[in-house]
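Under the numbering used here, think of the first position of the sequence shown as -11, with each following residue one higher. Idealized CB from N, CA, C, for every residue including glycine. From a predicted model like this one, the values you see are computed outputs, not experimental measurements. Everything on this sheet refers to the single structure shown next.
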Amino acid sequence: MKPKILLVDDMPENILATSNLLSDLDAEVVPAADGYEALAHMLDHDFAVVLLDAHMPVMDGFEVIRLMGQAERTRNLPIIMISAVLKDEDHMAEGYHLGAVDYLLKPFRPEILRTKIKVFLDLFRQGAIIRGQARELESQKQALQLFKDLVNDIDDEMLIFQAPECNLVEANMTALNRLSLDHETALKTLTLTDTGILPNGYDHHALLSDLARRSSILLENVQPGNGDQICHTEANIKLHEQDGVQYIVALIRDVTLRKQTEQFLKQTNEKMEQRITERTHRLSKLNTEMAQEVKKRRKAQAQAMRSSHLSTLGTLSASLAHEINNPNNSIHFNASFLTRAFKDAMPILKQYAKENGAYNLGGIPFDELEETIPQLLSGINDNSERIKQIVEDVKRLSRSNPDNTGFQKVDINDVINEVISLLGHQIRKHTDHFEITLPDRPILLRANPLRLEQVLINILMNGLQSLPNRNQGIHISMSPPESNEGMISFSIQDQGCGISDADLQRITDPFFSTRIDKGGTGLGLSISKRIIQEHGGTMSFFSEIDKGTIVTLTLPPWKDQGSSQ
C-alpha cells in the first residue's frame, strides 16, 4: 500500500501544481481545501507527512496544528508549513513552536520540497516495516508463551538439549519437579547425562550416533523412586535442527504402573494355568459315566464336522466352515463337558472346603465358585453358538442360486404361532403388550416353514430389543390375498427407538448393524431379505425415531398344482 501525503491548501491551482510536483514519488496525494476537511482526513487515514498552507480563511494552518496536537492519533504527524503571505520570523517561530518540522516560504525550489518529502516517505515506510515486525514479534512471543504454558501443564517430562555437548536448554515443570531444581539452575548446570534418562552404559555420544541413523529412539530405563520403589520410564527422543543448530528433544513418561500391571498379569496367568492343569487332572478321574459322555460328545462332534462339508458351498463359505467350525465345535463341546464336570465336582469341592477351610480355585474364592464358574462356562458356550450362527449366515448369504428346497403348503397362522411359542420367554422378558391380529381361517402359501420362522424370529427379536421399557409393545397383523392384490401381507410393528433415515437405507446390507457393540453381526436382515425373495415376496421398512418401526412382508399365496405358478 502506498504511503499518503495530505496536501492542505484553499487554492485549487496550488493543490494541482503541488500534486504534479509530487506525482512520481510513489505516494498517494490526498487534497484538502480547508482545515476541517484536513482534520477529517486525518481521522480516516494514516499520513506520512502533511503539507499545510499557513494562510487560509476560516481556519488557518496554525489553528489546524493546535487541534492536531490535542489528539493522540495526529499529535506526532510530521508537518511542513508553506506560506506565500506570512513570511515574518514571528509566524515562522510560531509554526515551529506548535510542532511543524519545517516552514517553507514561497517561492521555493521544487527540488527542496521533493527532497524533504522523500525523507518523510522513507521514514514512514521504515516505520511501517518496524511496526509490522513488532506485531509479528509480539505474536511470536504470545505463541511461545502459550506453548510453554501448554508444555508445563502436561504430565510427561519434556527436556531439550543442544548438541553436541548435550547441555540442557529448556525443561518443563514436570521435569524440573522430578529433578528438584529451579529453571535457572537446571539450565546452568545440567547435561543429558545428569538427567538420568539414559540407561547405564549408554552415553550421549552413542545416542547422537543412533539418532543420526534413525529419526527417533525409544529408551526404557529404571530409576530409583520414593523409598525402596523403582520407577520405570519410557523416553521418546528425537533430533531436531533449527537455523543450523541441532537439538535433542526428549519426552519422558512414567510407565511404572503399566510395568507393574504387566508383571501382575503375567504372574496371575501362570498361577491360573497351574491351577487349571491341576483341576483338569482331578476331573479326568471322576467316573465311567463321564467318560462315556465324552465319547458320545466326540462322536457327535465328528458327525457335525462331516456334515458341514457341503459341496455346493462357494470357496469363501467352504473355507469359513472348515476353518472356523472345527475349532468352534471343539470349544462348544469342551464348554458343555466342563459345565457338566463342574456340576459333578461341586459336591467334592464343597466337602474339601468343609474339611480344609476356604480356599481359592483359579484365583476365585471358594464362596464365589458356584456362581462365577457356571457364568464363565455359559459365556463360552453362548459365544460358540454365536460363531456357529455367523458362519451359517455367511454360507447362506454366499449362495448364488435361490434355495427352494423344503417348500410345502404352509398355513402362515401356524408359522406365526410356532414362532411366538419359541420366543415366549423373550416376549415376556421385554414387554407386557404383545398383540396379534390374524384371520380366523387358514392363510396358505408355498414356503419352507423353518426358513420362514427364521425370518420372523429375526424381525421379532430386533423389535423386542429396541423397546425402551416394558410399557412399549409389538403388534402383528395380517391382510389376506383378496385385500392386497392377490398377495399375503403381514406386518410386525414395534414401539421401539426407531431407525434413522441414513441407517434405514442400509438396514439390509450385509454386515451392517446398529448393534455391533451389543453383539449384532449385520447378517440377520440380509439373510431374511434373501429368504423372502426366494419365496417370491418382498420385505419393506418404515420407521420414525422414538416412535418405532414397521416391517411389512408380502408373499404369494398357495396355488394348486394345476394352476400356473
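For residue 237, same chain residues with a beta-carbon under 6 Å away, outside a window of 5 residues either side, are 148, 226 and 228 in chain order.
For residue 397, the enclosing beta strand (DSSP E) covers residues 396 to 399. Close CB contacts of residue 199 within its chain, under the 8 Å cut and outside five residues either way in sequence, are with 205, 225, 226, 227 and 236 (chain order). Close CB contacts of residue 475 within its chain, under the 8 Å cut and outside five residues either way in sequence, are with 469, 525, 542, 543, 544 and 545 (chain order).
In this structure the segment 99 to 115 touches the segment 7 to 21; the number of beta carbon pairs closer than 8 Å is three or more. Around the Cβ of residue 145, a 10 Å sphere holds 16 or more other Cβ atoms; the residue is buried. Under the three-state reduction of DSSP, residue 452 is assigned to helix. With 16 or more neighbouring CB atoms inside 10 Å of its own CB, residue 48 falls in the buried class.
Take the alpha-carbon of residue 533 and the one of residue 481: they are about 14 Å apart.
DSSP, reduced to helix, strand and coil, places residue 255 within a helical segment of the structure shown. Between the segment 357 to 365 and the segment 261 to 272, the count of Cβ pairs shorter than 8 Å is below three; the stretches do not touch. Unbroken beta strand (DSSP E) runs of no fewer than 3 residues, entirely contained in the segment 402 to 481, are found at 422 to 425, 432 to 435 and 462 to 467, following chain order. Put simply, of 479, 404 and 120 the residue whose alpha carbon is nearest the alpha carbon of residue 437 is 404. Close CB contacts of residue 181 within its chain, under the 7 Å cut and outside five residues either way in sequence, are with 191 and 192 (chain order). For residue 71, the enclosing beta strand (DSSP E) covers residues 67 to 71. Membership of residue 55 in the alpha helix (DSSP H) is indicated by the continuous run 49 to 57.
As computed with DSSP, residue 20 is found in a beta bridge with -4.
For residue 171, the number of other beta carbons within 10 angstroms of its own is below 16, and it is reported as exposed. Taking the Cα of residue 499 as reference, the smallest distance to any Cα among 493, 511 and 423 is reached at 511. By the criterion of a C-beta distance shorter than 7 Å, residue 494 is surrounded in its chain by 500, once the five residues flanking it on both sides are discounted. Counting along the chain, no alpha helix (DSSP H) covers residue 41; the unbroken beta strand (DSSP E) around it starts and ends at 37 to 41. The DSSP-derived three-state label of residue 530 is strand. Segment contact: the segment 94 to 102 against the segment 114 to 125, fewer than three CB-CB distances shorter than 8 Å; contact not assigned.
Taken atom to atom, the span from the alpha-carbon of residue 339 to that of residue 332 is near 12 Å. Annotated three-state conformation of residue 237 is strand, per DSSP.
Excluding five sequence positions before and after residue 355, the CB atoms of its chain that fall closer than 8 Å to its own CB belong to 346, given in chain order. When the beta-carbon positions are compared, residue 105 and residue 37 come within less than 8 Å of each other. Distance between residue 431 and residue 456, taken at the CA atoms: about 33 Å.
When DSSP states are grouped into helix, strand and coil, residue 222 belongs to the strand group.
When rounded, the separation of the alpha-carbon atoms in residue 252 and residue 372 is 29 Å.
If you look at residue 165, you'll find it in the alpha helix (DSSP H) that goes 161 to 167.
Residue 204 is bridged by DSSP to 226. Residue 362 carries a helical assignment under DSSP once its states are collapsed to helix, strand and coil. In the DSSP secondary-structure assignment, residue 499 is not bridged to any residue. A distance below 8 Å separates the beta carbons of residue 375 and residue 316. Of the other Cβ atoms in all chains shown, fewer than 16 fall within 10 Å of the Cβ of residue 84; this residue is therefore exposed.
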